[in-house]
Amino acid sequence: MGRLLRLIINSGGLFTFAILELLCLYLIVHHNDGQRAIWLETKSVYGSFLTEKINEKLAFLDVARENEVLRRENAALLARIPGSEYDTRIDTASVTDSAFQQRFTYLASRIVNKSPYGPYNTLIIDRGSNLQVERGQGVVTDGGLLGIVSEVTPRHARVISILHLDTRISAGLDNNAFGTLRWDGKDPRRVTITDMPDYIPVAPNDTVFTTGYSNVFPTGLPIGTVESSDPLPGTGSQNLTVVLLNDPLTAANGYVVRDLFKEELDRLNRVR
Amino acid sequence: MNTSAVINSAIRFVVLLVAQVFIFNQVAWGWGGKDYLFVFVYPLFLAMLPLRTPRPLVILLAFLLGLSVDFFSETLGLHAGALTFTAYARPLLLQFVQPRDGYNIKANPTIADLGSGWMYSYLALILVVHLLVFFLLQTFSIFFLVDIVLKTLLSFPASILVMVILVLIFNPKA
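Going down the list, the sequences are from chains A and G.
Oh and the first sequence: position 178 is 163 in the numbering used here, straight run, nothing missing.
Oh and the second sequence: position 138 is 131 in the numbering used here, straight run, nothing missing.
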């Protein structure tokens, strides 16, 4: 307050004058009819003109807000492009047969996200726990395998591709000999089957199938063809190089395999 | 500002207020339903304030006197606005009528200190400014310039006459 008083005194009266004169003008306009009428008339004549001019000059101040509005509108429009929608139609294949009870069901899904190609490939599909997708279920694609579900969210699931260094899938030949399918991280067209006994006769172009022993994939799905066999001396096993039938890197669709007997089989496996 | 100046100013404040409100506000002459001649005496209070009075105080006192007159005249803000402006303009007017050797620091704006010729021109300047601003605020529009000038021309002789007579009668020393 003291500083304010000093300011008023130091300003040589201009401050006092301005305040009191404005107060007087206010009183005049609000307590005298004639002056009020003139003031209102003046204001209506010049006010709109002045407002227009000021708005013209200050239009750029609104740009940030305008921009925000446009951005929201863009987002709303982008959200309506077909590619940005989550397909809620459920496409499950199952067969009703009185002689054969259904064991595996297939849930169609689209691949919405792929990791960049590397030794640890994963991808995301647009089906999740809302449709009973669970951890450990297999995903197949047109003419081959895709991977195994590893993480599940309500609407999406992460799939470990078969082109992943940690993937282990049970695979066998037509003659019921089986081994473990894994990828060495080098060629996305070739995988390797290890732990195959070396006394099993293997010929090139033999077809490799899933075995179904791990309850992940159904039995007898073709995976690829044998390119060469490579016995490992001293271990009693041989490695088979398998050329994949499909190209998991370019797959766009995946079918989540659900084993309806999984719980029952798991229960058996727990008993040792 | 010494004690006598304070007392004199206080007395002038009250007396000029009463005189203006109860006597000179009754004097108004005009034609066609409009008044053109008014008599103002209260600017005399502003004119007679000692020269060394701080400018903000002069403005504040002028505002208070104008507001008091307004309260009795039912023209809230008119007299106050005009006299506040005149108070702000007073140092400029004083410069305008400055004697050749400047103002004595202790001088009061009186005939005794600065002479009758100086006093008359000073009062005239104060009054002209006050009248112009007052009538401008009264009409509240520059479009009535003819009215403003006419009112000022008619009111000025009457007001200056009354003010000079009052100054000559009482002839204050401070």
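Even for Gly, the Cβ is constructed at its ideal location relative to N, Cα and C.
Quantities reported herein were computed from a predicted structural model and do not represent experimental measurements.
(message) Could you check whether the Cβ of A:Gly(-2) sits closer than 8 angstroms to any Cβ belonging to chain G?
(response) For A:Gly(-2), at least one C-beta of chain G is nearer than 8 angstroms to its own C-beta.
(request) Just mark G:Tyr35 as buried or exposed, buried being the case when its beta carbon has 16 or more other beta carbons within 10 Å. (result) G:Tyr35 is buried by the Cβ-count criterion.
(request) Name the two residues that bound the continuous alpha helix (DSSP H) containing G:His123. (result) 109 to 132 is the span of the alpha helix (DSSP H), which, as asked, contains G:His123.
(message) Among the candidates G:Val32, G:Leu54, G:Val142, whose CA atom is the shortest distance from the CA of G:Ala40?
(response) Selected option, being the one with the closest Cα: G:Leu54.
(message) Would the stretch 63 to 70 of chain G count as touching the stretch 5 to 12 of chain A if we require 3 or more Cβ pairs under 8 angstroms?
(response) With the cut-off at 8 angstroms, the stretch 63 to 70 of chain G and the stretch 5 to 12 of chain A touch.
(message) If the cut-off is 9 angstroms on Cβ atoms, which residues from the stretch 29 to 54 of chain G count as contacting chain A, listed in chain order?
(response) Residues Pro47, Arg48, Pro49, Leu50, Val51, Ile52, Leu53.
(message) By alpha-carbon positions, which one of G:Phe15, G:Val7, G:Val157, G:Thr132 ends up nearest to A:Ala22?
(response) Checking every option, the nearest Cα to that of A:Ala22 belongs to G:Thr132.
(message) For G:Thr77, would you say it is in contact with chain A, using Cβ-to-Cβ distances shorter than 8 angstroms as the test?
(response) At a cut-off of 8 angstroms, the C-beta of G:Thr77 has a neighbouring C-beta in chain A.
(message) If you follow the alpha helix (DSSP H) that A:Ser214 is in, where does it begin and where does it stop?
(response) Counted as a single uninterrupted DSSP element, the stretch harbouring A:Ser214 is not any alpha helix (DSSP H) but the beta strand (DSSP E) occupying residues 207 to 217.
(request) Tell me whether the beta-carbon of A:Ser135 lies closer than 8 angstroms to the beta-carbon of A:Ile147. (result) Between A:Ser135 and A:Ile147, the C-beta spacing is not below 8 angstroms.
(request) Work out the CA separation of A:Arg50 and G:Ile135 for me, nearest whole Å. (result) Rounded to the nearest angstrom, the two C-alpha atoms are 42 angstroms apart.
(message) Please report whether the beta-carbon of G:Leu(-4) lies at a distance below 8 angstroms from any beta-carbon of chain A.
(response) Here the sequence assigns Thr to residue -4 of chain G, which means Leu is not the residue at that position. At least 8 angstroms separates the CB of G:Thr(-4) from every CB of chain A.
(request) Given a cut-off of 8 angstroms, decide if A:Tyr198 and A:Val124 are closer than it, judged by their beta-carbon atoms. (result) Cβ distance not < 8 angstroms, so A:Val124 and A:Tyr198 don't count as in contact.
(request) Determine contact between the stretch 245 to 257 of chain A and the stretch 211 to 230 of chain A, defined as no fewer than three beta-carbon pairs at a distance below 8 angstroms. (result) Counting Cβ pairs under 8 angstroms, fewer than three are found: no touch.
(message) I'd like to know whether the C-beta of A:Gly32 is nearer than 8 angstroms to at least one C-beta of chain G.
(response) So no, A:Gly32 is outside the interface.
(message) Taking CB distances under 8 angstroms as the criterion, tell me whether G:Ala100 reaches chain A.
(response) No, its Cβ sits nowhere closer than 8 angstroms to a Cβ of chain A.
(request) Whole angstroms is fine: what's the gap from A:Glu37's alpha carbon to A:Asp47's? (result) Roughly 15 angstroms between the two C-alpha positions.
(request) Determine the DSSP secondary structure at A:Ile109, reduced to helix, strand or coil. (result) Three-state DSSP puts A:Ile109 in a strand.
(request) Taking the CB atoms as reference points, tell me whether G:Phe65 and G:Val32 lie closer together than 8 angstroms. (result) The Cβ atoms of G:Phe65 and G:Val32 do not sit closer than 8 angstroms to each other.
(message) I'd like the span of the alpha helix (DSSP H) that includes A:Trp24, first residue to last.
(response) Per DSSP, A:Trp24 belongs to the alpha helix (DSSP H) from 18 to 43.
(message) Quick check: is the beta carbon of A:Asn52 nearer than 8 angstroms to any beta carbon in chain G?
(response) So, not an interface residue.
(request) Give the DSSP bridge partners of A:His141, in chain order. (result) Beta-bridge pairing links A:His141 to no other residue.
(request) Measuring only between beta-carbons, confirm whether A:Gly304 sits less than 8 angstroms from chain G. (result) Not covered by the structure: residue 304 of chain A. The range shown for chain A is -14 to 257.
(request) Please list, in chain order, all residues of the same chain as G:Ile104 whose beta carbon is under 6 angstroms from its beta carbon, the five residues on each side excluded. (result) Excluding the 5 residues flanking it on each side, G:Ile104 has same chain C-beta neighbours closer than 6 angstroms at Met112, in chain order.
(message) Quick check: A:Gln122 and A:Val201, are their CB atoms within less than 8 angstroms of each other?
(response) Closer than 8 angstroms, so yes.
(message) According to DSSP, simplified to helix, strand and coil, what is A:Asn224?
(response) DSSP places A:Asn224 in strand when its eight states are reduced to three.
(request) Return the CA-CA distance between G:Phe38 and G:Met156, expressed in angstroms with no decimal places. (result) The straight-line gap from Cα to Cα measures roughly 10 angstroms.
(request) Would you list, in chain order, the members of the stretch 114 to 144 of chain G that have their beta-carbon closer than 7 angstroms to a beta-carbon of chain A? (result) Residues Leu130, Phe133, Ser134.
(request) Figure out for me which residue from A:Ala61, A:Asp127, A:Pro101 has the closest Cα to the Cα of A:Leu92. (result) Among A:Ala61, A:Asp127, A:Pro101, the Cα nearest to that of A:Leu92 is on A:Asp127.
(request) List the residues of chain G whose Cβ lies closer than 7 angstroms to the Cβ of A:Phe2, in chain order. (result) Those are Ile52, Thr77, Tyr81, listed as they occur along chain G.
(message) Please identify the residue among A:Lys171, A:Leu206, A:Asp215, A:Gly157 whose C-alpha is closest to the C-alpha of A:Asp183.
(response) Ranking the options by Cα distance to A:Asp183, first place goes to A:Asp215.
(message) Quick check: is the beta carbon of A:Leu10 nearer than 8 angstroms to any beta carbon in chain G?
(response) At least one chain G Cβ lies under 8 angstroms of A:Leu10.
(request) Pull up the distance between the alpha-carbon of A:Tyr102 and that of A:Pro233, whole angstroms please. (result) Here the C-alpha atom of A:Tyr102 lies approximately 11 angstroms from the C-alpha atom of A:Pro233.
(request) Within 10 angstroms of the Cβ of G:Ala21, are there 16 or more other Cβ atoms? Answer buried if so, exposed if not. (result) Of the residues assessed, G:Ala21 falls on the exposed side of the cut-off, its CB having fewer than 16 other CB atoms within 10 angstroms.
(message) Less than 8 angstroms between C-beta atoms, sequence neighbours within five positions excluded: which residues of the same chain meet that for G:Val51?
(response) Closer than 8 angstroms at the Cβ level, and outside the excluded window around G:Val51, lie Leu39, Leu42, Ala80, Arg83.
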